[in-house]
Amino acid sequence: MSPQISSAGKRLNVAVVGSGPAGFYTAEELLSVADATVQVDMLDRLATPWGLVRAGVAPDHPKIKLVSRAYERTATHSMFRFFGNVEVGVDVTHAELARHYHAVVYAVGASTDRRLGIPGEDLPGSHAATDFVGWYNGHPDFADHVFDLSGRRAIVVGNGNVALDVARMLALTPGELAATDTADHALQALAASSVEEIVVLGRRGPAQAAFTSVELRELAELADADIVVDAVDVELDEHSAAFLASDAATTRTRRNVEILRQYAARSQEGKRKRIILRFLMSPLEILGIDGVTAVRVVRNEIALSTGGDLTARPTEQIETIEADLVLRSIGYRGIPIEGLPFDPQRAVFHNEAGRVMDPRTAKPLPGVYVAGWVKRGPSGIIGTNKKCARETVERLLEDAADCRLPEPDATPDELMTHMESRGTKIVTYRGWAAIDTHERGLGESLGRPRVKLVRRDEMLTHALGGEHPLFSVRTT
Ligand code: NAP
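Here it is as structure tokens:
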């Protein structure tokens, strides 16, 4: 249960930056405070809300996207306003937000990718999987990216759910993709793709894979792709076998190993494409001159570290795998915001349970909080953000109750007026609703959930219409 604000009746203005799951769960928690009036203004650099639910969840996972219905309920609360197309650091600074709100909660996620740090990583044809995800999901930042799918083999580096998402997207047939909200440019490119073999490389073994069992099992349902696992790869080394037999092993790990063993025992059906899951392989170098031609990989073995972790230790066995496309799927990474203490090691803002901390004084920065991936790193499923947001809101409300929140100099409306006078075209929730209606309308006759607008100017045209819906107009 959230603590109650003791100063009942007091109005709190809170800015939540980021409109993905962490942002919306934060808003929901704030709006459920019983004895205080909390106004939540949610800012997003895009004109569209829902964060990775719109731009990250794979298009063939429509059920996962249904979570946005809960966010819609929050967005129509009378004390909630959405201000899209507003980027902190570009349209408004953190210092300005801090002067106009009692508290600012950053729920900005992790918008870039981790690097492998190997030669050839930047060759044409080697891409961050996160870029590929943004591209097929119609994120405006990636609408003009080009992925050359004219080669036969793609290598996906990494063993998380994103690796399985991108492997699946490369393997789905045009028929399977037709009923999804995949961006039109990606639908066309994927339909014309020559990729027949997708090799997914895990640096550790089957018992250490980060993907979840539902996603692993789903690979068997692909209409025109066989799943290939070498029986040798699912023979566990002594450390993994001991781990699997111990209480420390999770149901997910046990299931993953079981499913992979089933895959290894199956014979191929001669489908047009293949997803090959290989384990204990680390890329050493991406080879090519003008573009990717191969990846040099080293075979690893599992070693027990002094801390008790099972790590990948390279052997002398080196192999070269020819490939035309490499998708590096080794995790997302948060980026700093000017004025906020960032931990470059963990790529999160310095924080304690959601309170942003000044590392020099080891004291909280009054009125500044974080939730979601920028607080705890890029892990967990969508629902993980609910608990995470609740913890942050509890700290914020404790600080409010103890009068530790700074008093703003001016009102949020004054800030919005100021931003508009500087030329920021703020998209309200009503503006987003216009985009949403338009996209759904385009999709209806095609039997698709929506046809996404992928360019900022198109989005703004639909959101703002002929007249600019000023922020002060009720947004719901
Ligand atoms: P992730 O789950 O953290 O997986 C990252 C993978 O990259 C791990 O297998 C990791 O191996 C590997 N890796 C890291 N550094 C590497 C290196 N230098 N060389 C080779 N491999 C390396 O990250 P993600 O797949 O980006 O997913 C992010 C989060 O979103 C996860 O919590 C995921 O479950 C979630 N997600 C969920 C869904 C869904 O529910 N359907 C879909 C997409 C994403 P090690 O384990 O050895 O470090």
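Residue numbers (our numbering): 197 to 672. For every residue, glycine included, the Cβ atom is placed at its ideal position computed from N, Cα and C. Computed from a prediction, not measured in an experiment: that's the story for all the values here.
Which of helix, strand or coil DSSP assigns to residue i
| i | result |
| --- | --- |
| ILE533 | coil |
| SER322 | strand |
| TYR459 | helix |
| TYR267 | helix |
| GLN384 | helix |
| MET553 | strand |
| GLY661 | coil |
| ARG509 | strand |
| ILE517 | strand |
| GLY259 | The residue you asked about is not Gly; residue 259 is Lys in the sequence shown. LYS259: helix per DSSP, three-state reduction. |
| LYS559 | strand |
| SER617 | helix |
| VAL491 | strand |
| PRO479 | strand |
| GLY280 | strand |
| ASP486 | coil |
| LEU312 | coil |
| MET238 | strand |
| LEU666 | Any reading at LEU666 needs caution, since the residue's pLDDT is 46, under 50, leaving its predicted position unreliable; the model's value is listed next. In this structure, LEU666 counts as coil in the three-state DSSP scheme. |
| THR233 | strand |
| ASP539 | strand |
| ARG636 | helix |
| ILE526 | coil |
| ARG468 | coil |
| ILE622 | coil |
| TYR297 | coil |
| ASN250 | Note that residue 250 corresponds to Arg in the displayed sequence, not to Asn. Three-state DSSP puts ARG250 in a helix. |
| ASN209 | strand |
| PRO199 | Interpretation of PRO199 is limited by its pLDDT of 42, a score under 50 that renders its predicted location unreliable; no figure is taken from the coordinates. |
Neighbourhood of residue i by C-beta distance below 6 Å, restricted to the same chain and skipping five residues each side
| i | result |
| --- | --- |
| SER501 | THR507 |
| TYR459 | ILE423, VAL425 |
| LEU561 | VAL552, ASP554 |
| ARG708 | Residue 708 lies beyond the stretch modelled for the chain, which goes from 197 to 672, so this question has no answer here. |
| THR602 | Contrary to the premise, residue 602 reads as Pro rather than Thr in this sequence. Answer for PRO602: PRO562, GLY563, listed in chain order. |
| ARG652 | PRO336 |
| PRO372 | According to the sequence shown, residue 372 is Glu rather than Pro. Same-chain partners within the cutoff: ALA419. |
| PRO217 | ILE578, ASN581 |
| VAL396 | VAL352, ALA359, ALA363, LEU473 |
Under 8 Å between C-beta atoms of residue i and residue j
| i | j | result |
| --- | --- | --- |
| VAL493 | ILE526 | no |
| VAL647 | TYR302 | no |
| ALA406 | VAL300 | no |
| ASP598 | ARG349 | no |
| GLY316 | SER322 | yes |
| ILE578 | VAL362 | no |
| LYS430 | ARG457 | Checking the displayed sequence, the identity of residue 430 turns out to be Val instead of Lys. Contact flag set, yes. |
| VAL522 | ILE351 | yes |
| SER390 | ILE455 | no |
| LEU418 | ARG364 | yes |
| GLY214 | ILE533 | no |
| ASN333 | ALA294 | no |
| ALA375 | ARG644 | yes |
| GLY401 | SER346 | no |
| LEU312 | ARG524 | yes |
Own chain partners of residue i with C-beta closer than 7 Å, once the 5 adjacent residues on each side are dropped
| i | result |
| --- | --- |
| LEU319 | ILE482, GLY484, GLY487, VAL488 |
| PHE420 | Note on identity: in this sequence residue 420 is Asp, with Phe being the wrong assignment. Counting only Cβ-Cβ distances below 7 Å, and skipping sequence neighbours, we find THR369, LYS467, ARG468, LYS469. |
| TYR297 | ASN209, VAL210, ALA211, PRO604, PRO608 |
| PHE439 | ALA403, ALA445, LEU506 |
| ILE531 | SER307, THR308 |
| ALA499 | THR507, ARG509 |
| GLU635 | ARG646, VAL647, LYS648, LEU649 |
| THR244 | ARG250, GLY280, TRP628, ILE631, MET655 |
| GLU465 | ASP422 |
Contacting residues, own chain, Cβ-Cβ under 8 Å from residue i (five flanking each side not counted)
| i | result |
| --- | --- |
| GLY535 | THR289, HIS290, ALA291 |
| PHE343 | HIS323, PHE328, TRP331, ALA385, LEU521 |
| ILE314 | PRO479, LEU480, GLU481, ILE482 |
| VAL650 | GLY334, HIS335, PRO336, ALA339, ALA379, ASP380, HIS381 |
**OP:** Determine contact between the region 587-596 and the region 550-565, defined as no fewer than three beta-carbon pairs at a distance below 8 Å.
**Re:** Yes: at least three Cβ pairs fall under 8 Å.
Subject >> Runs of alpha helix (DSSP H) wholly within the region 419-452 (minimum 4 residues, chain order) >> reply: If we require 4 residues or more, the alpha helix (DSSP H) runs fully inside the region 419-452 come out as 434-441.
**OP:** Taking 8 Å as the threshold, find out whether the region 252-266 comes into contact with the region 620-640 through three or more Cβ pairs.
**Re:** No: fewer than three Cβ pairs fall under 8 Å.
**OP:** Say whether the region 275-291 touches the region 227-247, bearing in mind that this needs 3 or more beta-carbon pairs closer than 8 Å, one atom from each stretch.
**Re:** Verdict: yes, contact present.
Subject >> Segments assigned alpha helix (DSSP H), at least 4 residues, entirely inside the region 337-422 >> reply: You should have 357-367, 370-374, 380-387, 409-414.
Subject >> Cβ pair count under 8 Å reaching 3, the region 470-478 against the region 437-450 >> reply: Remark: fewer than three beta-carbon pairs, one from each stretch, lie closer than 8 Å, so the region 470-478 and the region 437-450 are not flagged as touching.
Subject >> Ranges of the alpha helix (DSSP H) found wholly within the region 567-608, counting only runs of at least 4 >> reply: Counting only runs of 4 or more, we get 569-572, 580-597.
Subject >> Stretch-stretch touch, CB-based, cutoff 8 Å, three pairs: the region 649-663 with the region 250-262 >> reply: By the C-beta criterion, the region 649-663 is judged not to be in contact with the region 250-262, since fewer than 3 inter-stretch pairs fall below 8 Å.
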